[in-house]
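Contents: one structure, followed by commentary.
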Amino acid sequence: AVAPRIRAGTPAATLAVVVFLVTFSAVFRPWKARDPRSRWHIGIGAFNLVRASAYRAIGGHRTVALRPDDDVRLGRALKTAGYRQAAASGIGLVEVEWYPSLRAMARGLRKNTFAVVDYRLTLVAVGTLLPLAFVFWPVAALVVTGGPALWLNAAVVGLGAWTTADTARAHGLPLWSALLYPVGSLLLLWMVWSAALRAVRTGEIEWRDTTYPVERLRAGAAGPPDESPGVRRGR
4 AVAPRIRAGT PAATLAVVVF LVTFSAVFRP WKARDPRSRW HIGIGAFNLV RASAYRAIGG
64 HRTVALRPDD DVRLGRALKT AGYRQAAASG IGLVEVEWYP SLRAMARGLR KNTFAVVDYR
124 LTLVAVGTLL PLAFVFWPVA ALVVTGGPAL WLNAAVVGLG AWTTADTARA HGLPLWSALL
184 YPVGSLLLLW MVWSAALRAV RTGEIEWRDT TYPVERLRAG AAGPPDESPG VRRGR
């Protein structure tokens, strides 16, 4: 799997992309994918190179049919089956213009942010606790605490800014994003909750111009294309 340089159309979208990359690394730990003893796996939609024999052996894309997060799920299926994996940087070689605006990014991520947690609202809530504890509270604590607590939280904020800057540098993105990483975290959290609540409220997800019932996607039952349970939307 090769991580591309991701370009976004606006500063707000760029900030959200940087925080997304930090979050992706924290959740999936791509550097551990190459360890055959590790359970960590990797899959990147922009560029996945898979041996044809391995792909066929796991059942091909039928294994991840009806999964909007099929890139990640394909990586997991390969790792579970015992195949080797590795993640590499494609900066300077592979480039993707992901979303032209923050609104477009929020709309685009509706299809897969809820899928990553298997459409479980409880996991979205649990995942929210981490930024609350390690992003938002430390920033607030700089104002409402003093003494050792102040310095401890300042260190946490500094570590967050350094991690964001390092990620931005590695992906060829602007370093100013490190100064605004709490704002980026808030934007990303808004996108995740917006996608989850919308799916729960409507009972469906729009994916590739087709609307799918969440229950069908949750079941993960793969069928031939002509048995797809989606409803095609006109453009």
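Under the working numbering, the first residue of the sequence shown carries the number 4, and numbering increases by one thereafter.
Where a beta carbon is used, it is the ideal one built from N, C-alpha and C, also for glycine.
Predicted, not measured: the structure shown is a model, and the values here were computed from it.
Between the alpha carbons of A144 and T166 lies a distance of about 19 Å. Here the segment 108 to 117 makes contact with the segment 185 to 200; the two share three or more CB pairs at distances below 8 Å.
Note that the segment 142 to 157 does not touch the segment 68 to 75; fewer than 3 beta-carbon pairs, one per stretch, sit closer than 8 Å. The alpha-carbon of H44 is positioned some 9 Å away from that of A80.
For V99, the enclosing beta strand (DSSP E) covers residues E98 to Y102. Our two residues, V159 and A168, have alpha carbons roughly 14 Å apart in a direct line. For a cut-off of 8 Å, the C-beta gap from A164 to A181 is around 5 Å, short enough to register as a contact. Segment contact: the segment 208 to 220 against the segment 115 to 124, three or more CB-CB distances shorter than 8 Å; contact assigned.
Secondary structure note for R87: it is in no alpha helix (DSSP H), with a DSSP letter that is neither H nor E. Under the criterion of beta carbons closer than 8 Å, V5 and A91 qualify as touching, at roughly 5 Å.
Judged by beta-carbon spacing, A19 lies within the 7 Å limit of G187, meaning their Cβ atoms are closer than that value.
Spanning the alpha carbons of F50 and T148 requires a straight line of approximately 46 Å. The C-alpha of V22 is placed about 24 Å away from the C-alpha of L77.
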